[in-house]
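Just below is one structure, and these are the notes that go with it.
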Amino acid sequence: MENNKNLRNWLNKMELAHPIVIAGPCSAETEEQVLKIAHQLKETDTTVLRAGIWKPRTRPGNFEGVGALGLKWLQKAKEETGLMTATEVANANHVDLALKHDVDILWVGARTTVSPFIVQEIADALKGTDKIVLIKNPVNPDLALWLGAVERFYESDVKNLGVIHRGFSTYEKTRYRNNPEWQIPIDLQNKFPDLPLILDPSHIAGRRDIIFDLCQTALDLNYDGLMVETHFDPDNAWSDASQQITPANLKQMTIDLRIRKQEGDAVEFKNKLNTLRTKIDVLDHQLIESLGKRMKIADNIGALKKKNNVAILQTKRWNEILGKMILEGEENQLSEEFILKIFKAIHQESINHQKKVIND
């Protein structure tokens, strides 16, 4: 994606001593609120003021944004502070209004990314624009949908593209509002290495006490920036109160965050790193071999069940395995969440093998 270097070059020209920080309230509530937050953010490392103008909520009856009126507040905040502005757009009309109010950065929300029809409508409305467009990952963990959205804008000659990682919905309860699933944005960057990647820790966390840790993880993974929801009175925010932090907390957080070097320079460091990576390569190879051997045993079990007309799924046995593996995982400092994910995947593959044997 050659054109994407335009946004990468823009980020480099900013000559920031840190990854770009986009911050502001989940929702623009009043003109006074937007301006107050903007002026407080001016005293932080924030480069871009964000605010939700149109707020698609999961269920009706909740605050759904002030609408186009809020664009005037963003415009005024930009004039008074010099901060760039950003807001979410969900249709061609939003795009038209945002452009008329000189919004610098438009982002496509997670609920919008899931619909190729709406993504195409927005891409057509922005055809050839030099505005920065950031695309959030879809609600569900679907890399193809995310890639497809990026490609639609690319084909509409939108030159300044980036993506926002805001986590993924899951039916199971975890410590996050939306599971990070770090491997998915890593896979996306492997396909589009010039595509700037920004973390939205607020929507991943759902609560303010783990935002710092998420931001640090993102910096450790060489993300290009952060989009953090901020409010001078978070507890009384009109939407997503629990995941917003104050501008003062944001300022301290950006001081405390550590930016790692992408590569070490010392020969000794590189030699030690290569040695450790070689050990991981050997273990990964052994892991694949072990899984292959396990599936061959699953094939034998499938044949035995077929011969004796026994059902594939044995719930009692599966629960025993899961309980035992969770305990062994804890002894090896592996989280229950990780063990569940790994062994559910192994169990599904085992079922697939047995089904194939039985159906043959």
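Counting in numbering that gives the first Met the number 0, the sequence shown runs without a single skipped number right up to 359 at its last residue.
Just so it is clear, CB atoms sit at the ideal spot from N, CA and C, and this is done for glycine as well.
Note that the structure is a prediction, hence the values are computed from the model and not measured.
For V47 versus A85, is the C-beta spacing smaller than 8 Å?
Here residue 47 corresponds to residue number 48 of the sequence shown, with the count starting at 1. Here residue 85 corresponds to residue number 86 of the sequence shown, with the count starting at 1. It is a contact, given that the beta carbons lie within the stated cut-off.
Cutting at 8 Å between CB atoms, please list the residues of its own chain near T43, excluding the five before and the five after it.
Along the sequence shown, read from residue 1 onward, the residue named residue 43 stands at position 44. Around T43: V20, A22, P246, L249, K250 and T253.
According to DSSP, H38 sits in a beta bridge with which residue or residues?
Locating residue 38 in the sequence shown gives position 39, where the first residue counts as 1. Looking at the DSSP assignment, H38 forms no beta bridge with any residue, so it has no partner.
For K41 and R276, what's the separation of their Cα atoms in angstroms?
Sequence index remark: in the sequence shown, residue 41 carries index 42 (1-based). Sequence index remark: in the sequence shown, residue 276 carries index 277 (1-based). C-alpha separation (whole angstroms): 43 Å.
Alpha helix (DSSP H) segments (min. 4 residues) lying fully within the stretch 110-146:
115-124
Excluding the 5 residues flanking D199 on each side, which residues of the same chain have their C-beta closer than 6 Å to its C-beta?
Counting from 1 along the sequence shown, the entry for residue 199 is found at position 200. Hits under 6 Å: I163, R165 and M226.
Provide the residue span of the beta strand (DSSP E) that contains I203, from first to last.
Within the sequence shown, numbered from 1, the residue matching residue 203 stands at position 204. No beta strand (DSSP E) contains I203, which is instead part of the alpha helix (DSSP H) from P200 to A204.
Check the C-beta distance from P137 over to L146 and give it rounded, since I have them as a contact under 8 Å.
Walking along the sequence shown from the start, residue 137 turns up at place 138. Walking along the sequence shown from the start, residue 146 turns up at place 147. At roughly 10 Å, the Cβ-Cβ gap does not stay under 8 Å, so P137 and L146 are not in contact.
Please classify S201 as buried or exposed, where buried requires at least 16 other C-beta atoms within 10 Å of its C-beta.
Working through the sequence shown from its first residue, we reach residue 201 at position 202. Its Cβ being crowded by 16 or more others within 10 Å, S201 is buried.
Over what stretch of residues does the beta strand (DSSP E) that includes N159 continue unbroken?
Position 160 of the sequence shown holds residue 159. Note, N159: beta strand (DSSP E), N159 to H164.
For A124, tell me which candidate among D141, L142, L105 and A240 has the shortest Cα-Cα distance.
As a position in the sequence shown, residue 124 is number 125, starting the count at 1. It is L105.
Supposed contact pair C25 and Q243 - C-beta distance, whole angstroms, cut 8 Å
Reading the sequence shown from its first residue, position 244 is the one you call residue 243. Reading the sequence shown from its first residue, position 26 is the one you call residue 25. At roughly 6 Å, the Cβ-Cβ gap stays under 8 Å, so Q243 and C25 are in contact.
Cβ neighbours of A148 in the same chain (closer than 7 Å, five flanking residues each side left out):
Against the sequence shown, residue 148 aligns to sequence position 149. So the qualifying residues of the chain are V107, T112, V118 and I134.
Which residue comes first and which comes last in the beta strand (DSSP E) that contains A85?
Indexing the sequence shown from 1 puts residue 85 at position 86. First-last of the beta strand (DSSP E) with A85: M83 to E87.
So what does DSSP say about N221, is it helix, strand or coil?
Numbered from 1 along the sequence shown, position 222 holds the residue referred to as residue 221. Of the three classes helix, strand and coil, the one that applies to N221 here is coil, per DSSP.
If you run the structure through DSSP and keep just helix, strand and coil, what is I244?
Position 245 of the sequence shown, counting from 1, holds the residue named residue 244. The answer is strand: DSSP assigns I244 an E or B state.
Skipping 5 residues on each side, what residues in its chain have a beta carbon closer than 8 Å to that of D95?
What you label residue 95 is simply residue 96 of the sequence shown in a count that begins at 1. Once the five neighbours on either side are set aside, the close Cβ partners of D95 are A124.
If the criterion is Cβ atoms closer than 8 Å, does the pair A67 and A50 meet it?
Sequence index remark: in the sequence shown, residue 67 carries index 68 (1-based). Sequence index remark: in the sequence shown, residue 50 carries index 51 (1-based). Cβ distance not < 8 Å, so A67 and A50 don't count as in contact.
Over the uninterrupted alpha helix (DSSP H) stretch that includes V47, give me the two end residues.
Here residue 47 refers to the residue found at position 48 of the sequence shown. From DSSP, V47 is part of no alpha helix (DSSP H) but of the beta strand (DSSP E) over V47 to R49.
What do you get for Q32, buried or exposed, if any count of 16 or more other CB atoms within 10 angstroms of its CB means buried?
Here the question's residue 32 lines up with position 33 in the sequence shown. Classification of Q32: buried, given that the 10 Å Cβ count is 16 or more.
DSSP beta-bridge partners of A22:
Taking the first residue of the sequence shown as position 1, residue 22 is located at position 23. BP columns for A22 point to L48 and V227.
Beta-carbon separation (whole angstroms), G205 vs Y170, contact threshold 8 Å:
In the sequence shown, residue 205 corresponds to position 206, counting from 1. In the sequence shown, residue 170 corresponds to position 171, counting from 1. 15 Å between Cβ atoms; not a contact.
Kindly indicate which three-state DSSP category F191 falls into: helix, strand or coil?
Sequence index remark: in the sequence shown, residue 191 carries index 192 (1-based). Correct three-state label for F191: coil.
Only counting the same chain, and skipping five residues up and downstream in sequence, which positions put a Cβ closer than 6 Å to that of V65?
For the purposes of this step, residue 65 is identified with residue 66 of the sequence shown, where counting begins at 1. The residues are A27.
Cutting at 6 Å between CB atoms, please list the residues of its own chain near E79, excluding the five before and the five after it.
Within the sequence shown, residue 79 is the residue found at index 80, counting from 1. Answer for E79: no residue qualifies.
Return the chain-ordered list of same chain residues with a C-beta closer than 7 Å to the C-beta of D101, the five sequence neighbours on each side being excluded.
By 1-based counting over the sequence shown, the position of residue 101 is 102. Around D101: Q74.
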